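All remarks here apply to the structure that follows.
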Amino acid sequence: MKITQDKLVYFINYVLLTVFLIIVLYPIIYIISCSFSSGDALMSGKVKLFPVAVTLQSYRAVFKYQSIWVGYRNSFIYAIVGTVISMVLTLFAAYPLSRDDFRGKKIFTVIILFTMMFSGGLIPTYLLIKNLNLMNTMWAIVLPGAVSAYNVIVARTFFDNTIPKELQEAAEMDGCSDFKFFLKIVIPLSAPIIAVLSLWVIVGLWNSYFAPMIYLDSQEKYPLQLVLRRILLLSQINLNQTSIDPEVIRKNQYLGEMLKYGTIIVSTLPLMIVYPFVQKYFVKGVMIGSVKG
Amino acid sequence: MAGKSKDTKIQVGHRKSFGQYFRAHWQLYAMIAPPIIMLLIFAYAPMYGVILAFKDYKVSLGIWNSPWADEHGLKNFIRFFSNYNFKECLRNTIVLSVYSMLVSMPCSIILALSLNYAKNLAFKKTVQMVSYCPYFISTIVFVGIINMIFDNRSGAIGSFLFNRFGINVLGNASLFSSLYVWSGVWQGVGFGAIIYIAALAGVDQEQHEAAIIDGATLLQRIWYVDIPAIIPTAVIMLILNMGGTLNIGYEKILAMQNQNNVAMSEVISTYAYKVSLVSTFPDFSYSTAISLFQSLVGLILILVTNKIVDKLSGQGFM
Chain A
2 MKITQDKLVY
12 FINYVLLTVF
22 LIIVLYPIIY
32 IISCSFSSGD
42 ALMSGKVKLF
52 PVAVTLQSYR
62 AVFKYQSIWV
72 GYRNSFIYAI
82 VGTVISMVLT
92 LFAAYPLSRD
102 DFRGKKIFTV
112 IILFTMMFSG
122 GLIPTYLLIK
132 NLNLMNTMWA
142 IVLPGAVSAY
152 NVIVARTFFD
162 NTIPKELQEA
172 AEMDGCSDFK
182 FFLKIVIPLS
192 APIIAVLSLW
202 VIVGLWNSYF
212 APMIYLDSQE
222 KYPLQLVLRR
232 ILLLSQINLN
242 QTSIDPEVIR
252 KNQYLGEMLK
262 YGTIIVSTLP
272 LMIVYPFVQK
282 YFVKGVMIGS
292 VKG
Chain B
41 MAGKSKDTKI
51 QVGHRKSFGQ
61 YFRAHWQLYA
71 MIAPPIIMLL
81 IFAYAPMYGV
91 ILAFKDYKVS
101 LGIWNSPWAD
111 EHGLKNFIRF
121 FSNYNFKECL
131 RNTIVLSVYS
141 MLVSMPCSII
151 LALSLNYAKN
161 LAFKKTVQMV
171 SYCPYFISTI
181 VFVGIINMIF
191 DNRSGAIGSF
201 LFNRFGINVL
211 GNASLFSSLY
221 VWSGVWQGVG
231 FGAIIYIAAL
241 AGVDQEQHEA
251 AIIDGATLLQ
261 RIWYVDIPAI
271 IPTAVIMLIL
281 NMGGTLNIGY
291 EKILAMQNQN
301 NVAMSEVIST
311 YAYKVSLVST
321 FPDFSYSTAI
331 SLFQSLVGLI
341 LILVTNKIVD
351 KLSGQGFM
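So the protein sequences, as listed, match chains A and B. Just add 1 to wherever you are in the first sequence, counting from 1, and you've got the working numbering. Just add 40 to wherever you are in the second sequence, counting from 1, and you've got the working numbering.
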């Protein structure tokens with residue numbers, strides 16, 4: 002009786018997980034299939050699961066669409082520069098805070114933690130960026146969020162738990178300076194946390210659109226997300242083909258629709274390729290984050 | 041005072057003066073200086089800027105020289121509280137964040153439990169990896185996908201619902217909150233489950249073995265062994281989330297907003313954005329007052345919930 006009930010529960014559990022798997026995968030497969038389908042099939046809603054009238058036209062349209070690649074390049078630069086700055090600052094803040102002997106630890110911790118609880122809000126920050134003359138520059142996007150209190154606390158907790166205090170004391174006896182110890186011992190021991198935090202920062206920068214939207218004016222500085230916003234949400238697609246021929250207009254409409262699906266795939270691909278490699282550190286990162294100091 | 045406290049077990053006996061300590065360890069201060077300076081500029085300077093909320097901001101005069109607002113500087117707040125938008129924004133904000141909190145947490149717990157009892161390791165790993173995938177889709181792309189799939193003419197699900205039941209998902213304001221919350225579950229449940237998976241991994245296996253010997257079924261073991269084990273984590277998550285009730289992620293809402301759903305999708309932060317940076321007659325002071333109200337409520341909620349966590353588990357976060 003008990004055994005059969007348990008077997009049934011295990012079975013139902015597998016069914017549940019399979020249903021879950023399908024729910025998660027379906028939209029993704031659907032979008033991928035759409036990106037390989039013809040414009041006609043898309044507009045009339047013929048695609049349900051598999052591609053209809055398979056074609057690579059949407060990808061051809063994406064590759065020819067100049068502003069996507071400008072956005073790609075910009076996003077890449079912002080993500081790399083922003084992540085390097087953010088990681089250096091985060092680790093620099095986290096290491097002293099992880100040291101028991103660090104005088105002033107309390108005050109610095111409060112200064113950092115308070116930013117998690119209260120912020121000046123949209124307009125004061127906006128005016129600050131304006132007054133600092135950072136408007137329409139990359140710095141308006143990468144600098145304001147560079148030091149995240151949460152990331153600092155996560156890194157600090159990691160250092161606290163993994164760097165043996167005796168090691169630091171021994172190094173100090175041997176005349177090793179704090180910075181040298183940080184560089185030669187702490188950083189090499191911290192690969193997992195650096196990987197997780199970097200991934201979070203990269204994802205945040207790559208996917209953000211609000212800050213670029215309010216701080217950037219010139220289109221040649223637009224990151225990918227703003228270009229995508231025009232294409233996907235505002236349907237402002239510029240195919241550089243003006244014509245009054247209804248046939249051409251209809252064709253362009255189809256092409257525009259196909260372009261949307263192609264851009265989704267092309268823009269999401271980089272993170273999808275990266276995350277499986279860092280995945281094994283997720284649990285660690287999230288666990289450390291949940292045990293705040 | 042600090043000299044006697046618990047954290048100085050090494051230093052007792054040869055406690056150096058701060059000057060000596062600083063000379064020996066100035067590098068630590070050199071390291072922490074840049075991040076602290078960044079925070080002073082980008083987090084604390086805007087906090088000073090909130091005085092805008094009590095002023096009548098004139099671009100030509102700047103923050104400091106602009107005149108104080110009427111009604112003892114509270115004009116902007118009074119205007120917001122008496123505005124017909126206020127109730128609507130507050131209601132929408134609370135509905136969206138409470139709804140999503142109540143749905144996403146049980147979903148994460150159920151997924152964690154399910155994964156915990158999936159015996160086939162390869163299958164389990166696959167499900168887990170796939171479950172993280174939506175987390176990496178950007179807000180813009182995500183909202184784009186929602187719009188495509190639920191389009192009542194060309195979208196696979198949208199056209200089905202429209203043709204079968206006459207439901208226009210995207211055009212129906214009353215469906216906005218559900219669309220927002222359940223799409224959020226789709227995107228975040230895999231990540232949300234991680235913390236519970238970790239909590240389940242910490243369950244004492246002996247308890248399970250004892251329960252099996254006592255003839256407990258699997259469901260009974262889940263109910264009497266696993267659930268109690270993850271309740272502390274769940275309570276803390278719930279309480280921490282409550283602190284952020286008003287600070288709902290507006291990027292997604294802003295991207296999902298359209299003419300049809302604006303009545304249900306206007307939240308405090310999107311409203312503050314619209315009256316300042318979008319409006320043809322931008323009112324920076326008014327917007328700052330709205331944000332300040334939101335931040336203060338958030339701050340109070342965090343401090344109160346921190347007290348509660350402290351009382352419940354003895355581990356507040358400060």
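Glycine is no exception: its CB is placed at the ideal position from the N, C-alpha and C atoms. Every value quoted in this text rests on a predicted model; they were computed, and no experiment measured them.
{"Item": "Same chain, Cβ closer than 8 Å to Gly72 (chain A), five either side skipped, listed in chain order", "Value": "Tyr223, Pro224, Leu225, Gln226, Leu227, Val228, Leu229"}
{"Item": "Distance between Val225 (chain B) and Ile186 (chain B) (C-alpha atoms, nearest Å)", "Value": "13 Å"}
{"Item": "Minimum C-alpha distance to Val197 (chain A) - residue among A:Ile108, A:Val153, A:Asp218", "Value": "A:Val153"}
{"Item": "Residue-level contact to chain B via CB, Ser199 (chain A), 8 Å cutoff", "Value": "no"}
{"Item": "Of the residues B:Ile237, B:Arg261, B:Gly232, B:Val229, the one placed nearest Glu246 (chain B), counting alpha carbons only", "Value": "B:Arg261"}
{"Item": "Within 8 Å, strictly: CB atoms of Ala329 (chain B) and Phe117 (chain B)", "Value": "yes"}
{"Item": "His65 (chain B): contacting residues in chain A (beta-carbon distance under 7 Å)", "Value": "Asp179"}
{"Item": "Under 8 Å between C-beta atoms of Val148 (chain A) and Leu79 (chain B)", "Value": "yes"}
{"Item": "Three-pair Cβ contact test at 8 Å for the stretch 93 to 111 of chain B versus the stretch 310 to 330 of chain B", "Value": "yes"}
{"Item": "Chain B contact residues for Val249 (chain A), given Cβ-Cβ distances below 9 Å", "Value": "What Val249 (chain A) touches in chain B: nothing, since even the nearest Cβ is about 21 Å away."}
{"Item": "Contacts around Ser325 (chain B), its chain only, beta-carbon distance under 7 Å, and the 5 residues preceding and following it disregarded", "Value": "Leu92, Ala93, Lys95, Asp96, Tyr97, Ala109, Asn116"}
{"Item": "Whole-Å CB distance - Thr345 (chain B) paired with Leu280 (chain B), under 8 Å assumed", "Value": "7 Å"}
{"Item": "Residue environment, Asn132 (chain B), which counts as buried when at least 16 other CB atoms sit within 10 Å", "Value": "buried"}
{"Item": "Nearest-angstrom Cβ-Cβ length linking Leu240 (chain B) and Ile270 (chain B), presumed shorter than 8 Å", "Value": "6 Å"}
{"Item": "Inter-residue spacing [alpha-carbon to alpha-carbon] between Leu317 (chain B) and Tyr311 (chain B)", "Value": "10 Å"}
{"Item": "Reduced DSSP category for Lys38 (chain B) - H, G, I as helix; E, B as strand; rest coil", "Value": "There is no way to answer for residue 38 (chain B), as the model of chain B reaches only from 41 to 358."}
{"Item": "Distance between beta carbons of Ser59 (chain A) and Val48 (chain A), contact taken as under 8 Å", "Value": "Incorrect: roughly 12 Å between the Cβ atoms, too far for contact."}
{"Item": "Nearest residue (CA-CA) to Arg157 (chain A), options A:Ile23, A:Gly286, A:Glu167, A:Asn14", "Value": "A:Gly286"}
{"Item": "Proximal chain B residues relative to Lys261 (chain A), where beta-carbon distance stays under 9 Å", "Value": "Gly184, Met188"}
{"Item": "Cα-Cα separation between Val16 (chain A) and Leu259 (chain B), rounded to whole angstroms", "Value": "16 Å"}
{"Item": "8 Å contact criterion, which Ser171 (chain B) and Ala233 (chain B) should meet: CB distance rounded", "Value": "7 Å"}
{"Item": "Neighbour flag for Phe77 (chain A) against chain D, beta carbons, 8 Å", "Value": "Chain labels in this structure do not include chain D; the protein chains are A and B."}
{"Item": "Bridge partner(s) assigned by DSSP for Lys95 (chain B)", "Value": "B:Trp108"}
{"Item": "Below-8 Å beta-carbon distance, Val90 (chain B) vs any chain A residue", "Value": "yes"}
{"Item": "Among B:Leu219, B:Met141, B:Phe202, B:Gln60, the one whose alpha carbon lies nearest that of Lys292 (chain B)", "Value": "B:Leu219"}
{"Item": "Where Leu90 (chain A) meets chain B, residues with beta-carbon distance less than 8 Å", "Value": "Pro74, Pro75, Met78"}
{"Item": "Top-ranked residue by Cα proximity to Ile186 (chain A), from A:Gln169, A:Ile194, A:Trp201", "Value": "A:Gln169"}
{"Item": "Heavy atom of the ligand COA within 7 Å of Asn14 (chain A) beta-carbon", "Value": "This structure does not include the ligand COA; it has no bound ligands of any sort."}
{"Item": "For Thr179 (chain B), the first and last residue of its enclosing alpha helix (DSSP H)", "Value": "179 to 189"}
{"Item": "Thr91 (chain A) (DSSP reduced to helix, strand or coil)", "Value": "helix"}
{"Item": "Neighbour list for Gly195 (chain B) in chain A, Cβ cutoff strictly below 8 Å", "Value": "Gly46"}
{"Item": "Burial state of Lys165 (chain B) (16 or more Cβ within 10 Å)", "Value": "exposed"}
{"Item": "Gly289 (chain B) in three-state terms, based on DSSP", "Value": "coil"}
{"Item": "Test: Pro107 (chain B) CB closer than 8 Å to a CB of chain A", "Value": "no"}
{"Item": "CB contact check: Met282 (chain B) to chain A, cutoff 8 Å", "Value": "no"}
{"Item": "8 Å CB neighbourhood of Phe333 (chain B) in its chain, flanking five on each side removed", "Value": "Phe117, Phe120, Ile308"}
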